[in-house]
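Accompanying notes for the structure given below.
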Amino acid sequence: MREVAKWLSESRYTVILTGAGMSTESGLPDFRSKDGWWKQIDPMKLASTDALLNNYEQFREFYQVRIEALNDCEPHEGHHILAEWEKQGLVQLVATQNVDGFHHRSGSKEVVELHGNIYTTRCQSCRKEASINEFMAENGCSYCDGRLRPNVVLFGEMLPEQAWQRALMAMQKADLVIVIGTSLQVYPVNQLPMMSRGKLVYINADVDEEQHAFHKVIVGKAKETLIQLAAMVGCS
Ligand code: NAD
Numbered sequence: 000m001r002e003v004a005k006w007l008s009e010s011r012y013t014v015i016l017t018g019a020g021m022s023t024e025s026g027l028p029d030f031r032s033k034d035g036w037w038k039q040i041d042p043m044k045l046a047s048t049d050a051l052l053n054n055y056e057q058f059r060e061f062y063q064v065r066i067e068a069l070n071d072c073e074p075h076e077g078h079h080i081l082a083e084w085e086k087q088g089l090v091q092l093v094a095t096q097n098v099d100g101f102h103h104r105s106g107s108k109e110v111v112e113l114h115g116n117i118y119t120t121r122c123q124s125c126r127k128e129a130s131i132n133e134f135m136a137e138n139g140c141s142y143c144d145g146r147l148r149p150n151v152v153l154f155g156e157m158l159p160e161q162a163w164q165r166a167l168m169a170m171q172k173a174d175l176v177i178v179i180g181t182s183l184q185v186y187p188v189n190q191l192p193m194m195s196r197g198k199l200v201y202i203n204a205d206v207d208e209e210q211h212a213f214h215k216v217i218v219g220k221a222k223e224t225l226i227q228l229a230a231m232v233g234c235s
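Shown next as structure tokens:
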């Protein structure tokens, strides 16, 4: 961990890439670990374009439950440490697969939401923006009565081009990439670290497979590990 802290202090351009494991210590379940959503529900069935088109009621309920879960949760100290590192010039960009908006909420400014944001909603037919309250109230689109859906990237959809390009360019510039709390199973985001020629660090609670691509692997929880790293770089 000391070596990673040293790399962080010395790096001129550091990118953080986060996944659902970044937010489990805020109380939000991830998808693939033992308490994750997908042990009960198949993600391909619900968080997918297929469900949106062919099983809308269940699709909507799945997202309503996830949105409600956010009401009781807040960013944790690890999110705040990343925001502080940005202020101190130690981190240049946070790219996230999370749709919970916690990096913004904790004060990070340079954030790329690769899979969108669950707090905004649009019509699937005419793309008109709608409020989250309309989605929660199970209204149709006020303009065309189409199906409302969160502005997140579903299985079967492309990533937002601008967000992808920004993350890709940052990876190419980075001399340090710290990947936190992702199973690295979702394409194409799992390819991003390999686009960097910088040092690669992987922080994850469970690491089953050898992660040969990474220069350092830290097996640990996101919050605890960030607290320890922050103490080492003298900025918490
Ligand atoms: P994932 O569920 O596939 O993997 C999460 C990883 O984090 C697992 O390897 C798990 O062992 C690890 N983990 C769990 N708790 C941890 C902790 N406290 N500290 C460190 N590691 C921890 O999630 P993913 O890789 O992000 O990819 C799947 C999809 O999940 C993404 O598309 C994302 O949009 C979506 N998702 C987002 C949220 C959110 O916004 N909070 C929640 C669930 C799923």
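Residue numbers are given in numbering that gives the first Met the number 0: position 17 of the sequence shown equals residue 16, and the series is strictly consecutive. Glycine included, every Cβ here is placed at the ideal spot set by N, Cα and C. The model shown is predicted, which means the values in this text are computed figures rather than measured ones.
Query, Result
"Kindly indicate which residue of R146, A4 and A229 has the alpha-carbon position closest to the one of Q57.", "R146"
"Does the Cβ of H79 lie closer than 8 Å to at least one heavy atom of the ligand NAD?", "no"
"Is L92 close to the ligand NAD? I mean its beta-carbon at under 8 Å from any heavy atom of the ligand.", "no"
"Report the three-state DSSP secondary structure of L147 (helix, strand or coil).", "strand"
"Can you tell me whether S47 is helix, strand or coil according to DSSP?", "strand"
"Can you check the region 164 to 235 for any beta strand (DSSP E) of at least 3 residues that lies completely inside it and give the ranges in chain order?", "175 to 179, 198 to 203 and 215 to 218"
"Got a sec, what are the start and stop residues for the beta strand (DSSP E) N132 sits in?", "From DSSP, N132 is part of no beta strand (DSSP E) but of the alpha helix (DSSP H) over I131 to M135."
"How would you write the range of the beta strand (DSSP E) that G77 sits in, first residue to last?", "Unbroken run through G77 is the alpha helix (DSSP H), E76 to K86; no beta strand (DSSP E)."
"Check whether the region 81 to 88 and the region 51 to 65 are in contact - that is, three or more C-beta pairs closer than 8 Å.", "no"
"Whose CA, out of L225, K86, E137 and A94, lies closest to the CA of E76?", "L225"
"Just how far apart, CA to CA, sit I177 and V200?", "5 Å"
"For Y118, tell me which candidate among I179, A129 and V111 has the shortest Cα-Cα distance.", "A129"
"With a cut-off of 8 Å on the beta carbons, I'd call S97 and M193 a contact; round off their distance for me.", "The amino acid at residue 97 is misidentified as Ser; the sequence shows Asn. N97 to M193, Cβ: 21 Å. No contact."
"Under the rule that 16 or more other beta-carbon atoms within 10 Å means buried, what is R148, buried or exposed?", "buried"
"Nearest to D71 by alpha carbon, out of V110, D99, E223 and M157?", "D99"
"Kindly indicate which three-state DSSP category N116 falls into: helix, strand or coil?", "strand"
"Assess contact between the region 154 to 164 and the region 130 to 143, defined as three or more Cβ pairs (one per stretch) separated by less than 8 Å. Is contact present?", "no"
"Excluding the 5 residues preceding and the 5 following A68 in the sequence, name in chain order all residues of the same chain whose CB lies nearer than 7 Å to its CB.", "L27"
"Return the first residue and the last residue of the beta strand (DSSP E) that L16 is part of.", "T13 to T17"
"Whole angstroms are fine: how far does the CA of S182 sit from the CA of T95?", "13 Å"
"Pick from I202, L175 and P187: whose alpha carbon is nearest that of K5?", "L175"
"Buried or exposed: where does A221 fall if 16 or more other Cβ atoms within 10 Å of its Cβ makes it buried?", "buried"
"My output table needs one value for E2: the three-state DSSP class, helix, strand or coil.", "helix"
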